[in-house]
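Have a look at the structure below before the remarks.
Residue numbers (the working numbering), protein chains in the order written: chain A, 1 to 436; chain B, 1 to 436.
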């Protein structure tokens, strides 16, 4: 991972950050790095995520998944228990005959039914993922899947892999039915768990190179230094922080790599749930180049000066899909170009177009889209996020604001308990102004 | 479409809008309505989009698509030439054996190759969509698809439906090969074209009820009055405008209907490209309930007070997918509930959770997800967007900021011409600060 922050400097962009300000900020980065490095060495809550490349036992994941040879993989989880898996399913190379990975990460009955109708249930491995084992959406979905399998005459106990914490209903079920089980590591919030069994089990089921993924992350972990001018992840985090303070309240993650579209979703959770507290937090926008040039670029270039645009560019692609030569008038400039050349020209033009309008942007580059570079990218973004949390002085690893709604939903569904009842009552007090 | 703006009032939310301020704003809505109504009656540029429900010739679309019986539909287009089609493909009911609709809306060579590898080319109808017939991504992709078909021994002229303007390379090609062709209506920007042949051709190919879709939009068009208190679309647009002025610089579109996930993408283009100009424009965020409760909700509830959250709720669902009764301890509250009940409880809890934290939100309701209500919803959001443009005093129907990049990309690919050369030269002048 290489980071070019030239287009975020004050000489180019408004908002922008001066080199002098970056040098001053680098002292705070050094202190933050000491805090982060201590935290990961001691495996403190949250910081433990950044020690995963050294701690995670890839062999356990490979052993738990080796006995399966599915036609499809169904991850049943939500939020951090699904986004890592879908990110890796799209980003990591896999054998030509690798099974597709689907995620059941919502409880819309029409969608659940049509997805399950489309799957070869007798050849599908289900990976149910919930640290607590009590996540309502995940447990409800898993029970629906299990019943479907039973009705189809499929022995669900032969096709279920459980990823959960040390205790809870899923752990109890796994013990009762002697299911293969992987452990969600302690001290690692879901949004930081992609390098653990939470993210890697489904990748291993499709034959992706999880060992190299973790090795790439380990390289990035070993390379962390105490300066933003030496560590790409810190350069990115520091610039995002500095621009945020200078008015870039949004951060558009815009890979020019289709296989990284789910990565943008993963990044959006990482950024929003870690940094969105105490009235602070940059709002992540999910974009995709070149597609969103025809959708969001007008706003990025001519709307409010409240955005940082983060590009991810792949510099080396396997040659593929040349544009044929029999071109209509006015399109002859495309002759002989590959689609990859077109995509890269669009990237460079868009980056320059934003710079010409003084809109700050950062270029994150990877060479090839392989397991090692994906590991570096994911670890780098996690580190950048933790750095921003340190610089802001917030609690990066909690998510207190989602609790109220969970309690209220339980109350609306009739769960017993005072907080549930109070929250359910509060829901009924809604102010209305209906236009029909 | 029913709109409840109660949770956006000043009594509940900060930022919020008072009833008095809404009453004052209603006078400006009345003037804007006169402008809009005149524009659509005269089919002026842009405003013509709002006359589509009366002008569009559904029979032409049905006639052009009636001869096909494909196993798959491939829309080749980008931006407004693809988002309407993907929105309708997901949102409109269709027969059980309806062909899936895929969109080739990016030029990543790895993605294009793997998508084309997966399609039954001899049974795939290609709908290539570009008003000018010169959109680089679309033409390049179409030429790649055509060559693939030729190599597979498929007569592409028998399986191609062209949607384009009155002139240009695609029109010329359609004439030369006598291809079935539908016309992109004049005066209708791509992002407002979902109700025309641009959006409906692929929907018709999969047997969706396009006639009812347009009829629903026509009902909404006929019901426009000059007051936000009588017209749901104006209520929504006026509140979005008022909150934007009061600090809600972002607008999160969060349907609690999985089939409306592409609708949120469509909305994001509509909002961003229409309103993002002159330093103005609310930034659209694409979200999905309940999934994003586990990703974005922390930020929406506890981050900066700069967001409006727009929910879309479906009130009536076909009963489906009950949660089985054999529940682990602590989850018995789920017993006997359907997944739809769980999803709706999550919606109500999340809405109340934001309200309890004083975060403005609007509820948009539809009863069933059928062609008629989808037509009303799409027309309603288009109308809301045009209203915001009127209230802001901007040019809603242009997208000037994307032009520079298009010229530069052509220049980088070697197109001749002074602006191309100048822009390509400018790209080379990039300021660099690389951390590796």
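From the three backbone atoms N, C-alpha and C, an ideal C-beta is built for every residue, glycine too. Remember, it's a predicted structure, so these values are computed and weren't measured experimentally.
Residue i and residue j closer than 8 Å at C-beta
i	j	result
residue 144 of chain B	residue 391 of chain A	no
residue 430 of chain A	residue 6 of chain B	yes
residue 264 of chain B	residue 258 of chain A	no
residue 421 of chain A	residue 277 of chain B	no
residue 408 of chain A	residue 260 of chain A	no
residue 63 of chain B	residue 99 of chain B	no
residue 301 of chain A	residue 354 of chain A	yes
residue 303 of chain A	residue 283 of chain B	yes
residue 352 of chain A	residue 112 of chain B	no
residue 52 of chain B	residue 188 of chain B	yes
residue 17 of chain A	residue 239 of chain A	yes
residue 412 of chain A	residue 348 of chain B	yes
residue 170 of chain A	residue 128 of chain A	yes
residue 371 of chain B	residue 175 of chain B	no
residue 231 of chain B	residue 435 of chain A	yes
residue 461 of chain A	residue 70 of chain A	Residue 461 of chain A is absent from the structure shown; chain A starts at 1 and stops at 436.
residue 387 of chain B	residue 32 of chain B	yes
Own chain partners of residue i with C-beta closer than 8 Å, once the 5 adjacent residues on each side are dropped
i	result
residue 335 of chain B	323, 325 and 327
residue 385 of chain A	237, 270, 271, 274, 275 and 396
residue 178 of chain A	157
residue 343 of chain B	256, 289 and 290
residue 217 of chain B	52, 53, 195, 375, 376, 378 and 379
residue 321 of chain B	338, 339 and 340
residue 34 of chain A	226
C-alpha gap between residue i and residue j, whole angstroms
i	j	result
residue 221 of chain B	residue 50 of chain B	7 Å
residue 29 of chain B	residue 379 of chain A	50 Å
residue 224 of chain B	residue 281 of chain B	24 Å
residue 229 of chain A	residue 65 of chain B	59 Å
residue 433 of chain B	residue 226 of chain A	18 Å
residue 213 of chain B	residue 360 of chain A	42 Å
residue 329 of chain B	residue 136 of chain A	12 Å
residue 57 of chain B	residue 185 of chain B	10 Å
residue 43 of chain A	residue 36 of chain A	10 Å
residue 138 of chain A	residue 191 of chain A	16 Å
residue 341 of chain A	residue 93 of chain A	21 Å
residue 61 of chain A	residue 41 of chain A	23 Å
residue 203 of chain B	residue 126 of chain B	13 Å
residue 68 of chain A	residue 159 of chain A	8 Å
residue 151 of chain A	residue 241 of chain B	52 Å
residue 235 of chain A	residue 10 of chain A	15 Å
residue 101 of chain A	residue 318 of chain A	24 Å
residue 414 of chain A	residue 233 of chain A	46 Å
residue 416 of chain B	residue 173 of chain B	24 Å
residue 155 of chain A	residue 267 of chain A	37 Å
residue 134 of chain B	residue 346 of chain A	15 Å
residue 149 of chain B	residue 122 of chain B	8 Å
Nonlocal neighbours in the same chain, by C-beta distance under 7 Å from residue i, ignoring five residues either side
i	result
residue 316 of chain B	367 and 368
residue 287 of chain B	252, 253, 254, 264 and 296
residue 15 of chain A	243, 246, 247, 248, 305 and 360
residue 132 of chain A	165 and 168
residue 382 of chain A	49, 50, 192 and 270
residue 219 of chain B	376
Cβ of residue i within 8 Å of any chain E Cβ
i	result
residue 390 of chain A	Here the protein chains are A and B, and chain E is not one of them.
Same chain, Cβ closer than 6 Å to residue i, neighbours up to 5 away in sequence not counted
i	result
residue 285 of chain A	250 and 252
residue 262 of chain A	86, 87 and 90
Heavy atom of the ligand MG within 7 Å of residue i beta-carbon
i	result
residue 18 of chain B	Among the components modelled here there is no ligand, and therefore nothing to report on the ligand MG.
| Touch check for the stretch 82-97 of chain A and the stretch 196-215 of chain A: three-plus C-beta pairs under 8 Å? | With a cut-off of 8 Å, the stretch 196-215 of chain A and the stretch 82-97 of chain A count as touching, because enough Cβ pairs lie within range.
| said: As an exercise, report each continuous alpha helix (DSSP H) stretch of at least 4 residues that is fully enclosed by the stretch 144-181 of chain A, in chain order. | reply: Whole alpha helix (DSSP H) segments, 4+ residues: 169-177.
| task | Count the CB pairs spanning the stretch 250-260 of chain B and the stretch 304-322 of chain B that are closer than 8 Å, and state whether there are at least three. | result | Contact between the stretch 250-260 of chain B and the stretch 304-322 of chain B is present, because at least three Cβ pairs lie under 8 Å.
| request: Inspect the CB distances between the stretch 402-411 of chain B and the stretch 290-307 of chain B and report whether three or more fall short of 8 Å. | output: By the Cβ criterion, the stretch 402-411 of chain B is not in contact with the stretch 290-307 of chain B, since fewer than three pairs of Cβ atoms, one from each stretch, lie closer than 8 Å.
| request: Determine contact between the stretch 164-172 of chain A and the stretch 145-152 of chain A, defined as no fewer than three beta-carbon pairs at a distance below 8 Å. | output: No, because fewer than three Cβ pairs between the stretch 164-172 of chain A and the stretch 145-152 of chain A fall closer than 8 Å, the two stretches do not touch.
| 3-residue-minimum beta strand (DSSP E) runs that sit fully inside the stretch 257-336 of chain A, ordered along the chain | Counting whole runs of 3 or more residues, the stretch 257-336 of chain A contains the beta strand (DSSP E) stretches 283-286 and 307-314.
| Uninterrupted alpha helix (DSSP H) stretches inside the stretch 336-362 of chain B (no shorter than 4 residues) | The qualifying runs are 339-356.
| request: Evaluate the contact criterion for the stretch 99-114 of chain B versus the stretch 69-77 of chain B: three or more CB pairs, one atom per stretch, below 8 Å. | output: In short, these stretches touch, since the Cβ pair count reaches three.
| Which runs of the beta strand (DSSP E) fall wholly inside the stretch 87-147 of chain B and span at least 3 residues, in chain order? | Those beta strand (DSSP E) runs which fall completely within the stretch 87-147 of chain B and span 3+ residues are 101-104 and 124-130.
| Fully enclosed by the stretch 17-94 of chain B, which alpha helix (DSSP H) runs are 4 residues long or longer? | List check, alpha helix (DSSP H) in window: 19-41, 52-55, 58-66 and 83-91.
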